[in-house]
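Protein chains in written order, with full-length UniProt numbering: chain D, 1 to 592; chain X, 1 to 592.
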C-alpha cells in the first residue's frame, strides 16, 4: 500500500484529461478528490484500524492536554474532532492527525490565562491568520526556521511540559505556572507528596514505558504462525497500541473501586460538562458578573500569542507532515497544509475548540498502523464524538496522576540533546541558535524561538553583510566586491573604502569595480551616492567601473544628483544596445 | 577646521609610540584623549557658539518632548544634560548631541503610560542593554535595518508625533493617545477649538518656518562687508539659529502680559518642579498609596518596550552619527557609539532621565555651526543645568500651543515620501518593506519596524532559500546547485529532487553534484540524510558527487547512519591529503 504509487497511478489514469485544468486545480485544492474515487475495501480495513488506534490515544491525551492548557478537560475533546473531518478533505498527507498537542496547549495556557473565552477566540484568530497565510502562499516562510531551532524548542518544551505535570503526578497543590518558580516550589513541597497519587502516577509511567518497549520490540507476524498465537499477538498489539486508553481506564477503575469502598486516595478529574459542544459564534466580547470585555480588550490580553500560536501551530504541523512524507515517500503541499489547519482552527472556534495542530505522537501511530488515506481521521473523529456523547460522566473517576503519566510519556521522546554532539562536529556555529533557543525557551517560549530564528538568520546573512572585497593596487587603488551587494553590506563597503583611501596619507582616488555585482537595492544606491559626495568634497576621484547595463540603468533611474555626471559620460554607450561589451565606465571627478 | 585632518595629524604625531598599544587602546575607548591634548583656543570659540545654539534649542524642545512622552515638562530637561557630558568623553562623532527626541519620546509614552517611575526604569534597563551590546560588539546588527525601513518609520513617526500636537495647538481636550482614535476625535472636536491657542500656535508655526527659510537662504558673510552689516547679519543669524528659544520666550512674554492684565486666552504649561534632579537609585520597586509594585511587575508593564526602546535609540543615534560623519568626512565607531549612549541612559536613570538618543535636528544645528569637537556638548549641558536651576519658575507661562509649534516644525522635515518614486525606479521590491513599515507603524510603531526588518531580510534571503539548481541529463540525472546550500534551501532541494526523480514514471536515480557548495549547516546534513533514506527505500541510487574535502569530512562527522556507506567508499581517498583532486565521490546504493 504505497501512497506515492497511488498518486502515480492516479496521474496516469487522469492523463487523458490533463488539459482539463479546472478539475486538476480543484483536486489540488481538495485533495480528497484525488484518493476518494479510487478508494478500496482493503484500504478501508486498514484505515478503520488506524483511526481506532488514534482515537483511543487522542481521548486520554485530549483530557490531559486540556489540563496543560489550563482549561476544563472537556475542551480537549471539543478540540479533537473538527481537525479529523477537515483534514480528511483538505490534507495532503495521509498520516497527519490534527488535534490538541502538548506544545500548543502550553502556549495556550501562557496567553489565555486559563480563560476559556480567550482560548476559543485565539483559535478563531489563529485560524484566520493561518488561512490568510495559506491563501497568500506564505508557506515558504517556514523554511527559515532551521532544524537546530526546532530541536531546541521542542526539547525545552518537553522539559517544561513534563515538569508542569509533576505536581499532578505527586498530588502537590498551589504550584505556580512560571517555570523557575514551579521547579522551586515543586521541590520545596516535595515532603507533602500524596502517597496514593505518587504511587499510581509512577506505576502508570512504568507500565506505559514497558508497553511501549513491548510494541517497539514485538516481531512482525508471519502467515505460517498458528492462529492462536496470532490472536495473542493481536491482543498484545491492541493493548500496546491503545496503551494510553488502557492505562487511563485501568486507573479510572481503581479509583472507582476506592470510591465504592468509601475512601479516595487519588485526586480525580472531577465533574466535566456532558455532551457535545454547541455550534455558536466564538466569543467576540464577553460579559461576566464583574465586567464587560470588548473584542479589543480580549485581543490585547492575548497579546503576542496572536503571532506565536498560529505560527507555532503551522510549524509543528508542517514539520510533522514533512517528516512522515519523507519517511513514506510522498510530498506534502505546504500551502495546502496551511489551509487545512487554518480552516480547522477557524471552524473549531465555532465548536468551542482551542487552537490545535498536528500531533507527532498520534501521527506516528497512524503511520505505524499503516493508514492508507486521511479517511482514517473520520474514525478518529467518531471515537471522540462518541466519547463526548456517552463517556463524559465516567471521566469523573480518572485520576489526574494517570493523565500526568500519559503526558510525561508522550513528551519524553521530544527531549533530545544528542544533536549537540553532531552540531559540534558538523557546524559549531549552529550550537549558538540551538543553545540560545533552548535556554531562552525556559523563560518565555516565544522569545526562545524568536531569538533562535533571528540568530540563525544573522549567521546566514553575515557573509552578505561582510562581503569579500578584493584590493588591487594598480595605478590607482581598485576595490572589487567579489559577490553581490545587498543592504547589510553598505556600511562595510564604506568603511573599507574609507580605510584604504581616505584614512591614509596622502589620500587616494579609488576605482570601485562592480563587475561581479548583479543586483543593488536602494540602501546600496544611497550609500554609493554618499561615497561619491565624500570623495568629491575631498577633491578626489571615485570611479565606478564594470557596471553591468541593467545595474547602470538602475543607478541612472535613482535620479540622485551625484549620478548625473555619470550619466553624461555613459549614455552614448547605453544607447548602443547591441554592444556585448559588459563593462561601462562612469567617472565622477571633483568639480573644477 | 577639519575633523579628519585632525585625526590624521594626531595619527602622525603619535606614530612614534604606535607600539604603545595600551595608550592606543585606551584612546579608542576614550576618544576624548584623542582630541583634548590638541585642543586650541580657536576651536573653543566655535565650540562655545555651537554649544550655546544647541542649548537654546534643546531647552524648549526638551519641554515639548516631555509632553510627547507623557511626562511632566521638567523630565525633558532632566534627560538633556547627562548625554552632553558623557558623549564629550566617549563619543566618536564631533556633531552628535544626545538628548530627548521626538521618536523616543513617542515610544516612551507608548510603553510607560505616563508613569515617571517606569520611564526612569526603562532608561536604566535600556542603558544596560545598550552597554551590553556595545561590549559584545553587536553594532553590526544595525546594518540589517535597511534604508527604506528607516525612512518609512521616521515618516510615520513624524505624522504620528505632529498629529499628537494638534490638540495642544488648537487647545482641544480629552483626546485619546491611540492614533486612529486621535484623528477621529480631533476632527470631531474641531468646532471646540480655542481661538487664543489656535491663533498663537499657527502664528508660531508661520514665524518658525519663516525664520528657518531665512537661515537656509542667508548668504555667507564676506570679510570685506562693513562691520555694521556684519553685526546685523550676526543678530539675524542668532535669532534664526535660536529660533525655538526665541519663539518660546516671546510666546511666554505674551502669555505673561495677558496674565498681568487678568485674562488668559492660552493653555499654559503650569507649575513645574524647581531645581536640579536628585541623584538617587532608579525606582526598582514602587509603593504608592494604592499598591506596591515589584521590579518584575514593572518590567512586565514595560513589556516589548524593553527591546524596542534601546534598539530604536541605538538605531537613531548611529544613523545620525553615520550621516554626519559621511557629510563631514570622518568615520564613527558603531560599538563605541553604543557604549556612549548606553552609559548615558544608565547614568541618566540615576538623575531621573527618561531614555534618550541622538537628535537629528540638534546634531544638524551643531554641524552647521561648525562645531570642532564634542566639547560643545559641555556648553549645551551647562545651559540646560542653568535653565533647571534658575528658569523653572518661568516655564509656568509657556503656552502649550507654542511648544506644539516647536515640535511640529521639528518633525516636519522627517516626513519624506519622495523616496517612493526612487524606489519604484531602482528596486520595486523595496517598496514592500517601505509601505509595510509605513502603514503598520500607524498601528504600533514596533510592529511596523519589526515587519519591515523581517520583510527586507526575507527579500534578502529569498535567493538563498530558492537557489538555482542546474539539471544535466547525461546517463543519469545530474542536479547541481549553483551556489551554497544553507538551511532555508533544504526543502526546495528536496522538492526539486523529488519532482525530477521520484514523481516521474519510471522513477530515476539521481546524482547530486555539490561541487559548487562550500558550506553546509546541520539542517542541510539532516535533509541529505533523509533524501538518501528515501532513495534507498525506493531501491534507487542517490549519488553525491563533487564533495570538497572539508565538506565530506563534515558529512562524515555528522555520524548519521546513512553516511556510513559513503564513508566506506571514500575514506581511502580522504587519507591521501596531498591529492589536489577536488572531486570525491560517495555512492549510496540500495541494500542488496
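Ideal Cβ positions, reconstructed from N, Cα and C, are used throughout, including at glycine. Source: prediction; values computed, not measured.
The beta strand (DSSP E) with residue i in it runs from where to where?
i: residue 60 of chain D; result: Residue 60 of chain D -> not in any beta strand (DSSP E); alpha helix (DSSP H) instead, spanning 41-68.
i: residue 473 of chain D; result: 469-473
i: residue 546 of chain D; result: 542-547
i: residue 511 of chain D; result: 510-513
Cutting at 6 Å between CB atoms, please list the residues of its own chain near residue i, excluding the five before and the five after it.
i: residue 513 of chain D; result: 478, 480, 545 and 546
i: residue 262 of chain X; result: none
i: residue 85 of chain D; result: 381
i: residue 414 of chain X; result: 154 and 158
Do residue j and residue i count as a contact pair if the criterion is CB distance below 8 Å?
i: residue 490 of chain D; j: residue 457 of chain D; result: no
i: residue 400 of chain X; j: residue 269 of chain X; result: yes
i: residue 77 of chain X; j: residue 388 of chain X; result: yes
i: residue 510 of chain X; j: residue 485 of chain X; result: no
i: residue 446 of chain D; j: residue 248 of chain D; result: no
i: residue 316 of chain X; j: residue 357 of chain X; result: yes
i: residue 346 of chain D; j: residue 128 of chain D; result: yes
i: residue 365 of chain X; j: residue 57 of chain X; result: yes
i: residue 272 of chain D; j: residue 112 of chain D; result: no
i: residue 384 of chain X; j: residue 93 of chain X; result: no
i: residue 121 of chain D; j: residue 283 of chain D; result: yes
i: residue 60 of chain D; j: residue 406 of chain D; result: yes
i: residue 175 of chain X; j: residue 355 of chain X; result: no
i: residue 495 of chain D; j: residue 494 of chain X; result: no
Considering residue i, what are the terminal residues of the alpha helix (DSSP H) in which it resides?
i: residue 182 of chain D; result: 179-188
i: residue 241 of chain X; result: 227-241
i: residue 481 of chain D; result: It is not in any alpha helix (DSSP H) - residue 481 of chain D instead sits in the beta strand (DSSP E) that spans 477-481.
i: residue 400 of chain X; result: 400-411
i: residue 533 of chain X; result: 522-537
i: residue 501 of chain D; result: Here residue 501 of chain D belongs to no alpha helix (DSSP H), and DSSP marks it neither H nor E.
i: residue 267 of chain D; result: Segment: none, residue 267 of chain D is in no alpha helix (DSSP H) and carries neither H nor E.
i: residue 331 of chain X; result: Per DSSP, residue 331 of chain X belongs to no alpha helix (DSSP H) and is neither H nor E.
i: residue 277 of chain D; result: No alpha helix (DSSP H) holds residue 277 of chain D; DSSP gives it neither H nor E.
i: residue 490 of chain X; result: 490-497
Should residue i be labelled buried (16 or more other beta-carbon atoms within 10 Å of its own) or exposed?
i: residue 168 of chain D; result: buried
i: residue 521 of chain X; result: buried
i: residue 474 of chain X; result: exposed
i: residue 151 of chain D; result: buried
i: residue 438 of chain X; result: buried
i: residue 35 of chain X; result: buried
i: residue 288 of chain X; result: exposed
i: residue 333 of chain X; result: buried
i: residue 101 of chain X; result: buried
i: residue 23 of chain D; result: exposed
i: residue 274 of chain X; result: exposed
To the nearest whole angstrom, what separates the beta carbons of residue i and residue j, a pair I think is in contact under 8 Å?
i: residue 369 of chain D; j: residue 132 of chain D; result: Wrong, their Cβ atoms sit about 34 Å apart, outside the cutoff.
i: residue 367 of chain D; j: residue 95 of chain D; result: 4 Å
i: residue 326 of chain X; j: residue 530 of chain D; result: 5 Å
Using C-beta distances below 7 Å, list every residue in its chain close to residue i, excluding the 5 sequence neighbours before and after it, in chain order.
i: residue 351 of chain D; result: 78, 82, 277 and 279
i: residue 564 of chain X; result: In this prediction, residue 564 of chain X scores a pLDDT of 47, lower than 50, which makes its location untrustworthy; no coordinate-derived value is stated.
i: residue 251 of chain X; result: 200, 204, 398, 399 and 402
i: residue 363 of chain X; result: 95, 96, 97, 320 and 324
i: residue 73 of chain X; result: 63, 66, 67, 269, 272 and 395
i: residue 610 of chain X; result: Any question about residue 610 of chain X goes unanswered here, given that chain X covers just 1 to 592.
i: residue 359 of chain X; result: 97, 99 and 101
Ignore the nearest five residues each way along the sequence and tell me which others in residue i's own chain have a CB closer than 8 Å to its CB.
i: residue 106 of chain X; result: 68, 69, 157, 160, 161, 164 and 445
i: residue 593 of chain D; result: The structure shown does not extend to residue 593 of chain D, since chain D is modelled only from 1 to 592, so the question has no answer here.
i: residue 212 of chain X; result: 240, 243 and 409
Does the beta carbon of residue i fall short of 7 Å from some heavy atom of the ligand MN?
i: residue 179 of chain D; result: As presented, the structure is devoid of all ligands, the ligand MN included, so that no description of it is given.
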